[in-house]
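Numbers in my numbering are just positions in the sequence shown, counted from 1, shifted up by 1236.
Idealized CB from N, CA, C, for every residue including glycine.
Small disclaimer: the values here were computed from a predicted structure and weren't measured.
Have a look at the structure below before the remarks.
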Amino acid sequence: MENKLTFLELEQLVKDRRYQAIRDAFDYYNLVDLTNHVENLDLNEILLLFKILRKDITAEIFTYLSSEKQEDIITSFTGPQIAGMLENLYTDDIVDFLEEMPANVVKHILTNATAEQRAEINLLLSYPEDSAGSIMTTDFVELKASDTVKKSIQKIKQQGKVAETISYCYVVDINRVLVGSIKLRDILFADEDELISDLMDTDIVCVATTDDQEHTAALIRKYDVSVLPVVNNESRLIGVITADDIIDVITEETTEDIQKMAAVIPTSDSYLRTGVLEMTKSRIAWLLVLMVSATFTGLIIQGYEVQLASIPALAAAIPMIMSTGGNAGCQSSTMVIRGIAIDHMRIKDFGLVLWKELRVSLGIGLVLFVVNFFRLWIFMPSDTLMTDLVISLTLFLTVILANLTGGILPLVALVFKQDPAAMASPLITTIVDALALIIYFNLAMAFLGNLM
1237 MENKLTFLEL
1247 EQLVKDRRYQ
1257 AIRDAFDYYN
1267 LVDLTNHVEN
1277 LDLNEILLLF
1287 KILRKDITAE
1297 IFTYLSSEKQ
1307 EDIITSFTGP
1317 QIAGMLENLY
1327 TDDIVDFLEE
1337 MPANVVKHIL
1347 TNATAEQRAE
1357 INLLLSYPED
1367 SAGSIMTTDF
1377 VELKASDTVK
1387 KSIQKIKQQG
1397 KVAETISYCY
1407 VVDINRVLVG
1417 SIKLRDILFA
1427 DEDELISDLM
1437 DTDIVCVATT
1447 DDQEHTAALI
1457 RKYDVSVLPV
1467 VNNESRLIGV
1477 ITADDIIDVI
1487 TEETTEDIQK
1497 MAAVIPTSDS
1507 YLRTGVLEMT
1517 KSRIAWLLVL
1527 MVSATFTGLI
1537 IQGYEVQLAS
1547 IPALAAAIPM
1557 IMSTGGNAGC
1567 QSSTMVIRGI
1577 AIDHMRIKDF
1587 GLVLWKELRV
1597 SLGIGLVLFV
1607 VNFFRLWIFM
1617 PSDTLMTDLV
1627 ISLTLFLTVI
1637 LANLTGGILP
1647 LVALVFKQDP
1657 AAMASPLITT
1667 IVDALALIIY
1677 FNLAMAFLGN
1687 LM
């Protein structure tokens, strides 16, 4: 077989009803790659695949499909088919797609779930959105400190069949309070009569069910672990969060931050799956705010109409000054916002950020001052040297102001308990534009007053 099966080849296998060839393909090829092809098949063709493939394979395929395809499949399934699907899905994966389904579909699914599954699903759904509890799985391996290695291996064989991961096992006392953790390899290489209490690690990194999912992602990144236990307020083990769930969280949070930094209200779906009306609403709000706030910029320019008429070169430089200032501010805010997200910078770092941005802006501003002065001198010889100096000096001061504003605003957002990405980025350009024009016209009046 070749390394890749194309969509057309898979589609042809389905149309020709070559069932054994289809089973062989799904056993041989990468399931994630094949799922991309399944996504593009007709619903009837997908349902045929789900009938002839093993339940564990179809369950995994189902988790990779879009919410629209998942809904179509579930509504086409009979009760027993749904029950069979749920048996092969991890609880957190069930919750993930339930959150995207309409109420009638959710009811249809829960009706066909077992009592135990419903209890686990309701538990995860009861936690706040974006909390550790909402993304954890209750399928994990649990051991006792008094267990021997031999008994632990037996438990792993029993519990591991449904556990989402067995690389880490967690140790609890009689009250299910988390007391330690142990790696599977440490169990496998230990003597069978050794006690888990002698092998386990009692220095446990864990999160509470109500902790924010971003905090959870930061802990997994900081301690370089693939699994993190989740406990309640009594330190009892409730579930675990695996690295694959955290990757989804990081992707979601990063996408949300990027959208906010672009003055877009975050949307839940991907670009192609977001409707035109929803996307319009997500973009228009901040654009209206920024348009209205630009009134101040217009009023400033209007106040200096006479001066601009006397020296046209001043008006020609306004777009360059404003765009450079806005870009410099966005660069600064982006760096600080990522620093807040990754390095956990807080308001106490205000002085460090201010000092760093001041030094950086001085370097950038000086380079731009020199380059711009000679650019104007060479390409616009009709301007006076004093005009070139005013424009370049304004550019220098604007860059300093923009960098400081871009560095400070995200930290100010933390003081008011606001999202730095949402508060800082859309406001920077408006603030910098207005202040840059004030600096520009005041410098022009000071140095070129006799020409005006």
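Proximity to residue i [Cα-Cα], best of the options
i: N1639; options: V1467, N1340 and A1564; result: A1564
i: N1678; options: L1633, I1474, W1591 and T1516; result: L1633
i: N1272; options: L1241, N1358 and D1292; result: L1241
i: K1380; options: L1612, V1467, S1303 and I1418; result: I1418
i: N1324; options: E1450, E1400, D1252 and L1420; result: E1400
i: I1627; options: I1554, I1456 and L1590; result: I1554
i: L1277; options: D1422, N1266, Y1300 and L1244; result: L1244
i: T1623; options: G1643, A1680 and L1590; result: A1680
i: S1362; options: F1532, L1334, T1294 and S1518; result: L1334
i: P1548; options: D1427, L1684 and G1599; result: L1684
i: P1465; options: L1267, V1407, R1582 and L1508; result: V1407
i: C1405; options: L1602, E1450 and V1463; result: V1463
i: L1629; options: Y1676, P1656 and K1592; result: Y1676
i: F1532; options: I1614, F1286, A1670 and D1252; result: A1670
i: R1253; options: N1266, L1673, V1443 and E1281; result: E1281
i: L1424; options: V1341, N1411, G1396 and S1388; result: S1388
i: T1666; options: I1536, R1472, I1578 and L1590; result: I1536
i: L1578; options: A1454, D1427, A1319 and Q1317; result: Rather than Leu, the amino acid found at residue 1578 in this sequence is Ile. The shortest Cα separation from I1578 among A1454, D1427, A1319 and Q1317 belongs to A1454.
i: S1471; options: E1488, E1514, V1485 and L1414; result: L1414
i: L1473; options: N1358, K1391 and C1442; result: C1442
i: L1523; options: F1313, A1498, R1412 and S1504; result: A1498
Where residue i sits in the DSSP three-state scheme
i: T1623; result: helix
i: I1318; result: helix
i: K1393; result: helix
i: A1553; result: helix
i: E1428; result: coil
i: V1461; result: coil
i: Y1363; result: coil
i: A1498; result: coil
i: D1422; result: helix
i: Y1326; result: coil
i: S1471; result: coil
i: E1336; result: coil
i: K1380; result: strand
i: L1588; result: helix
i: G1565; result: helix
i: G1369; result: helix
i: T1374; result: coil
i: L1508; result: coil
i: M1237; result: Note that M1237 scores a pLDDT of 43, beneath 50, so its modelled location is shaky; the value from the coordinates is reported in the next line. In the structure shown, M1237 sits in coil (DSSP, three-state: anything other than H, G, I, E or B).
i: S1417; result: strand
i: Y1404; result: strand
Buried versus exposed, by CB contacts within 10 Å (16 or more), residue i
i: Q1306; result: buried
i: Y1540; result: buried
i: V1651; result: exposed
i: G1587; result: exposed
i: F1262; result: buried
i: Y1264; result: exposed
i: G1562; result: buried
i: P1646; result: buried
i: D1375; result: buried
i: Q1449; result: buried
i: Y1507; result: exposed
i: M1527; result: exposed
i: T1350; result: exposed
i: P1656; result: buried
i: S1597; result: buried
i: I1297; result: buried
i: I1304; result: Per the sequence shown, residue 1304 should be read as Glu rather than Ile. With fewer than 16 Cβ atoms within 10 Å of its Cβ, E1304 is classed as exposed.
Distance, residue j Cα to residue i Cα
i: S1370; j: Y1459; result: 21 angstroms
i: A1551; j: T1620; result: 14 angstroms
i: T1641; j: N1468; result: 41 angstroms
i: E1430; j: V1385; result: 6 angstroms
i: I1689; j: D1383; result: For the chain, the structure presents residues 1237 to 1688; residue 1689 sits outside this window and is missing.
i: I1583; j: K1592; result: 15 angstroms
i: V1512; j: I1644; result: 35 angstroms
i: T1373; j: A1649; result: 34 angstroms
i: Q1353; j: C1566; result: 48 angstroms
i: I1557; j: I1614; result: 18 angstroms
i: V1274; j: Q1495; result: 30 angstroms
i: E1336; j: V1268; result: 21 angstroms
i: M1237; j: R1509; result: With a pLDDT of only 43 at M1237, under the threshold of 50, the placement of this residue in the model should not be trusted, and no figure is reported.
Close Cβ partners of residue i (< 6 angstroms) along its chain, the five nearest in sequence each way excluded
i: M1581; result: G1575
i: D1493; result: A1657
Nonlocal neighbours in the same chain, by C-beta distance under 7 angstroms from residue i, ignoring five residues either side
i: G1315; result: N1348
Contact set for residue i: own chain, Cβ-Cβ below 8 angstroms, skip 5 residues either direction
i: L1594; result: I1636, N1639 and L1640
i: T1605; result: According to the sequence displayed, residue 1605 carries Phe and not Thr. Result list for F1605: S1628, L1629, L1631 and F1632, in chain order.
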